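Q: Below are the structure tokens for one structure; questions will follow.
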């Protein structure tokens, strides 16, 4: 059955009017429903794609920056949805050179990207538009994103808390995953397959770690925590060896004055595939009790 063009045009205008009226009513009535907003976040002249999972209500809301791993197949967006339902706004983004964000990927570049996102969220207009509490921003990251979550709080005194899910320390022992030959070969070959990371390769991964491993080592920065709460959740797999990556960082953070480091072991795979509810509950309990 064919409809006249005039009818289709009028129908489209009608539905657009309903949509605009509903949005205007929500703002006018102060209901501020939960929603998702697309973001374009600048970082050193490049554009990074992102999403804001806005919590219900006028806010300002405590906010989480959710950091994906290497390359970011597991995005933990169930965590974003769950924390939003608990009153947190959650920001998710892709580092420069990752998954379509402009520029070329690198580990140190990703650390800088986290700081650029924090600056973006603390901008007065952006914070107002997103209903963010600029004084209550925490970081949650998985795997390499766990490294970024800890680096982010150690490099920025304005971050309130950090949570690392089976987090790597890219500079562990100065050489990270390239310290041992077998691990180095695995990382080189795996990195060569990561076409979603622009300008990246196994050789570049190894070169960056060998050149900047000492600066990437989180243990060397642990004293910067200054008593802020950190939660380390380990999965106990060969992907991120606990004894090389997590336990030395835990000890270094606990050695700092006024330490507030929490640790939890969840026996599962690296992505916590069978323990999502437990992972979310642990995250929510920690953030709501210590970081709200």
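Numbering (mature numbering (1 follows the signal peptide of the UniProt record, and there is no 0)), first residue to last: -26 to -1, 1 to 266.
Even for Gly, the Cβ is constructed at its ideal location relative to N, Cα and C.
Since the structure is predicted, the reported quantities are computational estimates derived from the model, not experimental observations.
What are the start and end residues of the beta strand (DSSP E) that includes residue 127?
A: As a position in the chain shown, residue 127 is number 153, starting the count at 1. Taken as a continuous stretch (DSSP letters only), residue 127 belongs to no beta strand (DSSP E), being part of the alpha helix (DSSP H) at 118 to 128.
Q: Just to confirm the assignment, what range does the beta strand (DSSP E) spanning residue 207 have?
A: Your numbering for residue 207 matches position 233 in the chain shown. That run of the beta strand (DSSP E) goes 204 to 208.
Q: What beta strand (DSSP E) runs, 3 residues minimum, are completely inside the region 162 to 245?
A: For the region 162 to 245, whole beta strand (DSSP E) runs of length 3 or above, ordered along the chain, are 204 to 208 and 235 to 239.
Q: How would you call residue 241, buried or exposed, if buried means at least 16 neighbouring beta carbons within 10 angstroms?
A: The sequence position of residue 241 within the chain shown is 267, counting from 1. It counts as exposed.
Q: Which residue marks the beginning of the beta strand (DSSP E) containing residue 21, and which one marks its end?
A: Reading the chain shown from its first residue, position 47 is the one you call residue 21. Segment 20 to 28, the beta strand (DSSP E) holding residue 21.
Q: Provide the residue(s) that pair with residue 40 in DSSP beta bridges, ordered along the chain.
A: Sequence index remark: in the chain shown, residue 40 carries index 66 (1-based). The partner list for residue 40 (beta bridge, DSSP) reads 66 and 114.
Q: Find the nearest neighbour of residue 35 within the set 15, 243, 109 and 80, judged by alpha-carbon distance.
A: Looking up residue 35 in the chain shown gives position 61. Among 15, 243, 109 and 80, the Cα nearest to that of residue 35 belongs to 109.
Q: CB-CB under 6 Å to residue 124, same chain, minus the five flanking residues each way: which ones, in chain order?
A: The residue labelled residue 124 in the question sits at position 150 within the chain shown. The answer, listed in chain order, is 136, 138 and 192.
Q: May I ask you to verify whether the region 51 to 66 touches the region 158 to 165, counting CB pairs closer than 8 Å and requiring at least 3?
A: No, the region 51 to 66 is not in contact with the region 158 to 165.
Q: Select from 96, 27, 44 and 252 the residue whose C-alpha is nearest the C-alpha of residue 79.
A: Here residue 79 corresponds to residue number 105 of the chain shown, with the count starting at 1. Out of 96, 27, 44 and 252, 44 has the C-alpha closest to the C-alpha of residue 79.
Q: Is it buried or exposed, residue 182, if we count other Cβ atoms within 10 angstroms and call 16 or more buried?
A: Locating residue 182 in the chain shown gives position 208, where the first residue counts as 1. The residue in question, residue 182, is buried, as its Cβ has 16 or more Cβ neighbours within 10 Å.
Q: Would you kindly work out how many angstroms separate the C-alpha atoms of residue 213 and residue 65, rounded to a whole number?
A: Walking along the chain shown from the start, residue 213 turns up at place 239. Walking along the chain shown from the start, residue 65 turns up at place 91. Answer to the nearest angstrom: the Cα atoms are 26 Å apart.
Q: Just mark residue 11 as buried or exposed, buried being the case when its beta carbon has 16 or more other beta carbons within 10 Å.
A: Position 37 of the chain shown, counted from the start, is the residue given in the question as residue 11. Exposed, because fewer than 16 other Cβ atoms sit within 10 Å of the Cβ of residue 11.
Q: Please classify residue 63 as buried or exposed, where buried requires at least 16 other C-beta atoms within 10 Å of its C-beta.
A: Taking the first residue of the chain shown as position 1, residue 63 is located at position 89. With 16 or more Cβ atoms within 10 Å of its Cβ, residue 63 is classed as buried.
Q: Could you please give the first and the last residue of the uninterrupted beta strand (DSSP E) stretch that includes residue 252?
A: Start at 1 with the first residue of the chain shown, and residue 252 comes out as number 278. Element bounds for residue 252: not the beta strand (DSSP E) but the alpha helix (DSSP H), 250 to 264.
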